[in-house]
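In what follows, a structure is listed as C-alpha coordinates, so that the remarks can point back to it.
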Amino acid sequence: MSKPGDGPPSTAQEQTPVTGTAVSAAAFSPTPGSRAVESHDLLAGQSSVLIRHLGEIYRLQTTRQGKLILTK
(Lines of atoms letter the chains of each structure in order from A; the text may use other names.)
(Lines give C-alpha, C1' and ligand atoms only; values in the text may rest on other atoms or scores of the structure.)
Protein backbone atom coordinates (compact mmCIF):
# COMPACT_ATOMS: atom_id res chain seq x y z
CA MET A 95 0.00 0.00 0.00
CA SER A 96 1.36 3.44 -0.81
CA LYS A 97 2.11 6.02 1.83
CA PRO A 98 1.56 9.77 1.58
CA GLY A 99 4.40 11.32 -0.36
CA ASP A 100 5.18 8.16 -2.35
CA GLY A 101 4.01 9.76 -5.56
CA PRO A 102 1.47 12.07 -7.11
CA PRO A 103 -2.07 11.81 -5.75
CA SER A 104 -4.42 9.77 -7.86
CA THR A 105 -7.89 10.80 -8.90
CA ALA A 106 -10.89 8.72 -9.90
CA GLN A 107 -10.32 9.79 -13.49
CA GLU A 108 -6.77 8.40 -13.41
CA GLN A 109 -8.06 5.01 -12.26
CA THR A 110 -10.68 4.64 -15.01
CA PRO A 111 -9.98 1.41 -16.93
CA VAL A 112 -9.66 1.54 -20.70
CA THR A 113 -12.06 -0.89 -22.32
CA GLY A 114 -11.85 -2.52 -25.69
CA THR A 115 -12.94 -5.51 -27.70
CA ALA A 116 -11.36 -8.88 -27.02
CA VAL A 117 -10.14 -10.74 -30.09
CA SER A 118 -10.29 -14.52 -30.33
CA ALA A 119 -7.01 -16.43 -30.57
CA ALA A 120 -7.93 -17.56 -34.10
CA ALA A 121 -8.19 -13.91 -35.21
CA PHE A 122 -4.85 -12.97 -33.61
CA SER A 123 -2.97 -11.75 -36.64
CA PRO A 124 -1.58 -8.23 -36.89
CA THR A 125 -2.78 -5.87 -39.57
CA PRO A 126 -0.27 -3.95 -41.69
CA GLY A 127 1.39 -1.32 -39.53
CA SER A 128 0.78 -3.17 -36.26
CA ARG A 129 2.34 -6.09 -34.42
CA ALA A 130 0.97 -8.81 -32.16
CA VAL A 131 2.42 -9.25 -28.67
CA GLU A 132 1.60 -12.09 -26.28
CA SER A 133 0.55 -10.75 -22.88
CA HIS A 134 2.83 -13.20 -21.04
CA ASP A 135 5.80 -11.82 -23.02
CA LEU A 136 4.84 -8.26 -22.13
CA LEU A 137 4.19 -9.01 -18.44
CA ALA A 138 7.22 -11.33 -18.10
CA GLY A 139 5.76 -13.25 -15.16
CA GLN A 140 4.59 -10.15 -13.28
CA SER A 141 0.99 -9.25 -12.51
CA SER A 142 1.43 -5.71 -13.86
CA VAL A 143 3.69 -3.59 -16.03
CA LEU A 144 4.05 0.17 -16.41
CA ILE A 145 3.83 1.61 -19.92
CA ARG A 146 5.01 5.11 -20.83
CA HIS A 147 2.99 6.65 -23.68
CA LEU A 148 3.37 10.27 -24.81
CA GLY A 149 4.79 11.28 -21.42
CA GLU A 150 2.01 9.60 -19.42
CA ILE A 151 2.35 6.43 -17.34
CA TYR A 152 -0.21 3.64 -17.68
CA ARG A 153 -0.45 0.35 -15.76
CA LEU A 154 -1.39 -2.88 -17.54
CA GLN A 155 -2.44 -5.53 -15.03
CA THR A 156 -4.06 -8.93 -14.92
CA THR A 157 -7.12 -9.71 -12.83
CA ARG A 158 -7.81 -12.86 -10.81
CA GLN A 159 -10.10 -13.91 -13.66
CA GLY A 160 -7.23 -13.64 -16.16
CA LYS A 161 -8.46 -10.47 -17.85
CA LEU A 162 -6.39 -7.36 -18.57
CA ILE A 163 -6.99 -3.85 -17.24
CA LEU A 164 -5.21 -0.74 -18.52
CA THR A 165 -5.38 2.26 -16.16
CA LYS A 166 -3.87 5.71 -16.28
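Per the numbering used here, the sequence shown starts with residue 95, numbered consecutively. Cβ atoms here follow ideal geometry from the backbone N, Cα and C, with glycine treated the same way. Fair warning: this is a prediction, and the values are worked out from it, not measured in the lab.
Figure out for me which residue from G127, G149 and T156 has the closest Cα to the Cα of L136.
Reading the sequence shown from its first residue, position 42 is the one you call residue 136. For the residues G127, G149 and T156, the minimum Cα distance to L136 belongs to T156.
Where do the ends of the beta strand (DSSP E) carrying L144 lie?
To locate residue 144, count along the sequence shown from 1; it is residue 50. Element bounds for L144: S142 to H147.
For Q159 and S141, I'd like the C-alpha separation in whole angstroms.
The residue labelled residue 159 in the question sits at position 65 within the sequence shown. The residue labelled residue 141 in the question sits at position 47 within the sequence shown. Rounded to whole angstroms, Q159 to S141 spans 12 Å at the Cα level.
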